[in-house]
Structures are given as structure tokens and as C-alpha cells.
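Report on the structure given below.
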Amino acid sequence: MEMREIYVYAAFTMGVLGLLEYFFNVPFIGAIVGNFQNWIVIMSSVMLGMGAYNNLSFNISKIKNKRRGWAYSIVCVVSFVLMMLLGLYVKLDIQRPEWFFWYNNIATTASSALWAIALFYIVSAAFRAMRPRNLDAAILLMSAVLVIFNNAPVAGAIHPALPAIGAWTFKLAAETGMRALLIGIAIGVTSLGLRVIMGREKRALGGFD
Amino acid sequence: MGLLISGRMLVLTLIVIFVVSMNVLLYLSRTRRFRIRKHAAIDAMGEAVSRAVELGRPVIMSPGIGGLYSTKYAADTAAGLAVAGYISKEFVAPMKAELIVPVSSGETLPVLENIVQQGLAAGGAPELYKPHETVRFVATTQMAYAAAYVGILYREKVASTIMVGLFAGEVSMLCEEGARCGCFQVAASTNVYQIPLMICMVDYMMFGEDMMAATAWISDDPGQITTIISNDILKLIGIAAAWIGAILVTFGIDALRTFWGTF
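If you read the sequences in order, they're chains F and Y.
Residues 574 to 782 in the working numbering are what the first sequence lists, from first letter to last.
Residues 443 to 705 in the working numbering are what the second sequence lists, from first letter to last.
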């Protein structure tokens, strides 16, 4: 039996057990699936360690070979080692101020700054989208303007009906389309899941014929 | 306490219909070949890789920020894995392109390493796989992932990007920076909140269930094609149920909703 066949059988077994546990009230199956879920947590932690090794190997090799951007790799490796040592010092209690101070003032702050920048990316994308190059783009532009009417106070000042039209476009037209899309996605996800469980989807398991 | 868990029978019924219709279609596919429309974005993936080769620059394939253990988003990541294998074998290996796969979840990393390595080997260019370089673990949090992705775009002068998987709030940064770098971008997402942004920013886009259907299309397996037709059967049932439900509710009859709500 090839290794890939073992993956397929494992995916089938776990998938069927997961489905049975979801739809039927059988404590025995529930206990097995519960055990699998514990394995997932353990394996996930182990694989995170593999990720850390991958990241460190890449960055150390980049520093050694002085490849473009190697100085950033020094920052990455030093931060990694320092935070790891700090984590060991606080005995993995990440609520302790010695650890939390550094995490909160560097990682969280940098992340918040990036979230703030995302606004400008959205504006830039919206600007690009609002060019009526063809009929579809013109319809998109019109509906965007209607939705803006829903939120911009000036729309009410121009005509009292404009915010209501904008609200209708947003609540009914947009949401209806979104729901239709969601139903399609749900069916697509179910289909892909069943393909993996039934061993039809081999590429997601690394199969090449 | 009964054997069946109430409130979940609608989904079970749909799954049973799906499996039955898929098997019937599989049986029929022995005598006739079913075809589905090819999505332009699938062709564009080859175009993205060839453009990168022409420019002598790398191509990024991002499987998103999702993992395989998320019950809600595992399918998105699975689609990303399938596409990573497909482009490695069909385009990257034959064209001798440089591929970079930034990864954000620990459990996806070994799977992707395996898929990309096997894909390149199956395509006849195993030497293109560089351990810890082709598939790179960059960060687990979404904004750190986005920062690393953008760093790769600029530092390594990426020519094309292919994004298939779970993407959330960071997508505006990924796609917009890709557009600013002049990258040829192909993306796929099921996140309805990010789809409008991606459509504005990328060159080719698969959204919604197209992404899931793409994995069936690239397999060229009649069995997988039949699942797409089974999807359409389910969708027709859904459309019919929506119409019948809407008409019944309009006339004050709540029987359909009550029936499925009970079971």
C-alpha cells in the first residue's frame, strides 16, 4: 500500500467519523472524535515548531549569504530569540508584565499601525474601481454612489430620499447578492469536503498521477 | 435523547442528495464525458508564471492565512493546496520558474512543502525546490503575514502573484501592493467581505464556489467533474426551495421553515 493511499483512508475514516459525530448522537463516536481533536491541538503545536525552524533557517541563511534585505533578517532572528528567551524566563505565562510589555508595545502596536494603513489601500482600490470603463463598471459605480448616499450626511441635504435609496441598495440588493454567493460557497465547500473524504481530491493530499 | 441531532437534518439530507447524485453521475460518466466551463483565471495562472519567467523574476503563490484544522475555512486552504500542486507541476516546473510560497499556519507548512516538492518533481524539475526557501513560514498573525508578503514583493521583485485560499482584512494590503509593484495578479476567495476589494485590485479573480470548482477542473478527473454537476443539482434544489418558501411565506404559510426547523 502506497503512503498516499494511507492518507486517503485516514481522511475517509476521520471525515466519516466527524460527519457521524455532527449528525448523530452516539457517545462512543463523540469520544473518538474528541480524542482526534486533542491530537489536532498537539500536532498543531509541534508543526508550529517546524514553522519556527523553517523561518529561522531561511533568515540565518539569508544573513550568511548577505542576500538583499539581510539586515531585516537580523532583526527577525534577534526578535525571535529574545522573545523565546523571555517566554522561557516568565515560564510561558504570557500575562506576566515582563513578557506582555514587549509584546504589547512592539507586536500589537506594529499590527495596529498596519491595520490603520489598510484604510488607504481600500481608498486607493475604490478610486480605481470607480472608473466607468464599461457597462458593468458603470453599474458598479452607480451602486457604489448609492451606498455612499446611505452614509454621507450631505446626501440628505441634497435630497431627503437619497439616504433611503442608499439604504435600500445596501440592505436589499447587496445583501441578497451576498446571500446567494454564500449559498453557492456553502455548497462548494461541502462538495470539496466530500471529495477529500471520498478520496477523489488527491492534489490536496499531495497526489500526482 | 434521540439518535439524530435536531436542526441538522436539512444539511444531512442535502449531503445524501449530493452523494447519491454524484454516484449516479459517476456511473453515467463511464459512457459519456461531462464537461464544465473553464474559468479564465485558471488559464491566467499559466500566464502569470510565464510572465515571471519572461521577466526573470519570481512568482508568489499564497495559500492565505487559513489552516487545515479550521472547520470553517479548511476547504479554502485545501483549494490553495490543490492549486499550489497544480501550478508547480503544470507551469513552474516546465517553465523553470522561481516559486515562492509564503505560509502562515504551522499545520499547512509540511503539507505544502510536500505538495510543492512533489509537484516540481512530477513536472520534471525537482532541482527547483529549495528547502526552507521555496516554501517559507513567515508569520501566524494576519498583519505580520501581510508585512512579510509585501516585503517579499519588493525585495525579490516579484513579477506575478497567485492567491488562492483564505484571505481576510489583510487582502487590501496584499493586492494593492501587488498592483503597485506591477505584478500580474490572479486571486481566488470565498470571503464575501473581501471579494469586492480583490475584484478591484487583481487582474483575474475566482470568487465564491468558483474556487472550489477550480480544484475539480484542474484535476481533469471525471469523478471530480461530476461533483460540480452535483453542486448545480443542489443549487437548483436551493433555488426551488427559496421560491417555494417565499411564495408560502407571502401567503402566511410557515410550514416549510417549521418543518426543517424541527428536524
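We put the CB at the ideal spot given by N, CA and C, even for glycine.
In this text the structure is predicted, and so the values were computed from the model without any measurement.
Self-check item: First and last residue of the uninterrupted alpha helix (DSSP H) at Y/M656
Solution: Indexing the second sequence from 1 puts residue 656 of chain Y at position 214. Looking at the sequence provided, one finds Ala at residue 656 of chain Y rather than Met. Y/A656 -> alpha helix (DSSP H) spans 651 to 661.
Quiz prompt | Closer than 7 Å to chain Y by CB, F/L541 | solution = The requested residue 541 of chain F does not occur in the structure, where chain F is confined to residues 574 to 782.
Practice problem: Flag Y/I637 as yes when its Cβ comes closer than 6 Å to any non-hydrogen atom of the ligand SAM, and as no otherwise. | Solution: What this structure holds is no ligand at all, so the ligand SAM is not there to describe.
Exercise. Would you decide whether F/N632 is buried or exposed? Buried here means 16 or more other CB atoms lie within 10 Å of its CB.
Key: By one-based count along the first sequence, residue 632 of chain F stands at place 59. Buried, because 16 or more other Cβ atoms sit within 10 Å of the Cβ of F/N632.
Practice problem: For F/Y694, return the contacting residues in chain A, with the cut-off set at a CB-CB distance below 7 Å. | Solution: Checking the listed chains, one finds no chain A in this structure; the protein chains it contains are F and Y.
Quiz item: Whose C-beta lies closer than 8 Å to the C-beta of Y/G548 among residues of the same chain, with five residues either side of it excluded?
Solution: By 1-based counting over the second sequence, the position of residue 548 of chain Y is 106. Leaving aside the five residues that flank Y/G548 on each side, the residues in its chain whose CB is nearer than 8 Å to its CB run, in chain order, G509, F579, T582.
Exercise. Decide yes or no for the touch test of the stretch 526 to 537 of chain Y against the stretch 591 to 605 of chain F: beta carbon pairs closer than 8 Å, at least 3 of them.
Key: Flag = no, the stretch 526 to 537 of chain Y and the stretch 591 to 605 of chain F do not touch.
Exercise. Return yes when the Cβ of Y/M648 is within less than 7 Å of the Cβ of Y/M640, no when it is not.
Key: Within the second sequence, residue 640 of chain Y is the residue found at index 198, counting from 1. Within the second sequence, residue 648 of chain Y is the residue found at index 206, counting from 1. It is not a contact, given that the beta carbons lie outside the stated cut-off.
Quiz item: Between the stretch 626 to 646 of chain Y and chain F, which residues of the former have a C-beta closer than 7 Å to a C-beta of the latter?
Solution: Under the 7 Å Cβ criterion, the stretch 626 to 646 of chain Y contributes T632, V634, L639, C642, M643.
Practice problem: Answer yes or no: does any C-beta atom of chain Y fall closer than 7 Å to that of F/L687? | Solution: Sequence index remark: in the first sequence, residue 687 of chain F carries index 114 (1-based). Yes - at least one Cβ of chain Y is within 7 Å of the one on F/L687.
Exercise. Go ahead and pull the three-state DSSP assignment for Y/T603.
Key: Taking the second sequence and counting its residues from 1, the one referred to as residue 603 of chain Y is at position 161. Looking at Y/T603 - three-state DSSP - the assignment turns out to be strand.
Quiz item: Cβ of Y/A517 within 7 Å of Cβ of F/V762?
Solution: Sequence index remark: in the second sequence, residue 517 of chain Y carries index 75 (1-based). Sequence index remark: in the first sequence, residue 762 of chain F carries index 189 (1-based). Yes, the Cβ-Cβ distance between Y/A517 and F/V762 is below 7 Å.
Self-check item: When Y/M643, Y/C623, Y/L678 are compared against F/F700, the one with the closest alpha-carbon
Solution: Stepping through the first sequence from its first residue, residue 700 of chain F is reached at position 127. The candidate whose alpha carbon is nearest that of F/F700 is Y/M643.
Quiz item: Which residue or residues does DSSP assign as beta-bridge partners of Y/Q627?
Solution: Translated into positions along the second sequence, residue 627 of chain Y becomes position 185. Answer is Y/T603.
Exercise. Name, please, each residue of chain Y whose Cβ falls closer than 7 Å to the Cβ of F/N627.
Key: Counting from one through the first sequence, the residue named residue 627 of chain F turns up at place 54. Residues of chain Y with a Cβ closer than 7 Å to the Cβ of F/N627 are, in chain order, L551, H574, R578, F579.
Quiz item: Is F/S684 close to chain Y, meaning its C-beta is less than 7 Å from at least one C-beta of that chain?
Solution: Here residue 684 of chain F corresponds to residue number 111 of the first sequence, with the count starting at 1. Interface residue, yes.
Practice problem: Write down the C-beta distance between F/E774 and Y/T657 rounded to the nearest angstrom, noting that I regard them as a contact closer than 8 Å. | Solution: Numbered from its first residue, the first sequence carries residue 774 of chain F at position 201. Numbered from its first residue, the second sequence carries residue 657 of chain Y at position 215. Between Y/T657 and F/E774 the Cβ distance is about 6 Å, and since that is below 8 Å, they are a contact.
Quiz item: In whole angstroms, what separates the C-alpha of Y/Y596 from that of Y/V628?
Solution: Here residue 596 of chain Y corresponds to residue number 154 of the second sequence, with the count starting at 1. Here residue 628 of chain Y corresponds to residue number 186 of the second sequence, with the count starting at 1. Between Y/Y596 and Y/V628, the C-alpha separation is close to 18 Å.
Quiz item: For Y/V553 versus Y/V543, is the C-beta spacing smaller than 7 Å?
Solution: To locate residue 553 of chain Y, count along the second sequence from 1; it is residue 111. To locate residue 543 of chain Y, count along the second sequence from 1; it is residue 101. Taking the C-beta atoms as reference points, Y/V543 is found no nearer than 7 Å to Y/V553.
Exercise. Would you mind sorting Y/A520 into buried or exposed? The rule is 16 or more other CB atoms within 10 Å of its CB.
Key: Within the second sequence, numbered from 1, the residue matching residue 520 of chain Y stands at position 78. With 16 or more Cβ atoms within 10 Å of its Cβ, Y/A520 is classed as buried.
Quiz prompt | Cα-Cα separation between Y/W702 and Y/I686, rounded to whole angstroms | solution = As a first step, residue 702 of chain Y must be located in the second sequence, where it is residue number 260. As a first step, residue 686 of chain Y must be located in the second sequence, where it is residue number 244. Answer to the nearest angstrom: the Cα atoms are 14 Å apart.
Quiz prompt | Residues within the stretch 676 to 695 of chain Y neighbouring chain F, beta-carbon criterion of under 7 Å | solution = Correct list: L676, K677, G680.
Quiz item: For the 8 Å Cβ check, are there 3 or more pairs between the stretch 462 to 471 of chain Y and the stretch 496 to 515 of chain Y?
Solution: Segments in contact, no.
Exercise. For Y/R578, name the three-state secondary structure that DSSP assigns.
Key: Counting from 1 along the second sequence, the entry for residue 578 of chain Y is found at position 136. Under the three-state reduction of DSSP output, Y/R578 falls in the strand class.
Exercise. Find the residues of chain F that neighbour Y/G663, judging by a C-beta separation of less than 7 Å, and give them in chain order.
Key: Taking the first residue of the second sequence as 1, we reach residue 663 of chain Y at position 221. Here residue 663 of chain Y is Asp; the residue named in the question, Gly, does not match the sequence. What Y/D663 touches in chain F: R773.
Quiz item: Is F/F806 helix, strand or coil by DSSP?
Solution: Because chain F here runs from 574 to 782, residue 806 of chain F falls outside it and cannot be looked at.
Quiz item: Considering only C-alpha positions, which residue in the set F/A691, F/G624, F/S617, F/L713 is nearest to F/A746?
Solution: Position 173 of the first sequence, counted from the first residue, corresponds to residue 746 of chain F. Nearest of F/A691, F/G624, F/S617, F/L713 to F/A746, Cα basis: F/L713.
Quiz item: What are the boundary residues of the alpha helix (DSSP H) that includes Y/R478?
Solution: To locate residue 478 of chain Y, count along the second sequence from 1; it is residue 36. Just to set this straight, residue 478 of chain Y is Ile in the shown sequence, not Arg. Element bounds for Y/I478: n/a, residue is neither H nor E.
Quiz prompt | Euclidean distance between Cα positions of F/N724 and Y/M585 | solution = Along the first sequence, one-based indexing puts residue 724 of chain F at 151. Along the second sequence, one-based indexing puts residue 585 of chain Y at 143. Going by the C-alpha atoms only, they are around 28 Å apart.
Quiz prompt | Boundaries of the alpha helix (DSSP H) in which F/M657 is found, first to last residue | solution = Taking the first residue of the first sequence as position 1, residue 657 of chain F is located at position 84. Start and end: 643 to 662.
Quiz item: Once you ignore the five residues that flank F/V650 on each side, which residues in its own chain have a CB closer than 8 Å to its CB?
Solution: The sequence position of residue 650 of chain F within the first sequence is 77, counting from 1. The residues are L629, N632, I633, I636.
Quiz prompt | F/L767 classed as buried or exposed, judged by whether at least 16 other C-beta atoms fall within 10 angstroms | solution = As a working note, residue 767 of chain F is residue 194 in the first sequence. Burial call: buried.
Quiz prompt | Backbone secondary structure at Y/H448 - three-state DSSP | solution = Stepping through the second sequence from its first residue, residue 448 of chain Y is reached at position 6. It is worth fixing the name first, because residue 448 of chain Y is Ser in this sequence and not His. Coil at Y/S448, not helix or strand.
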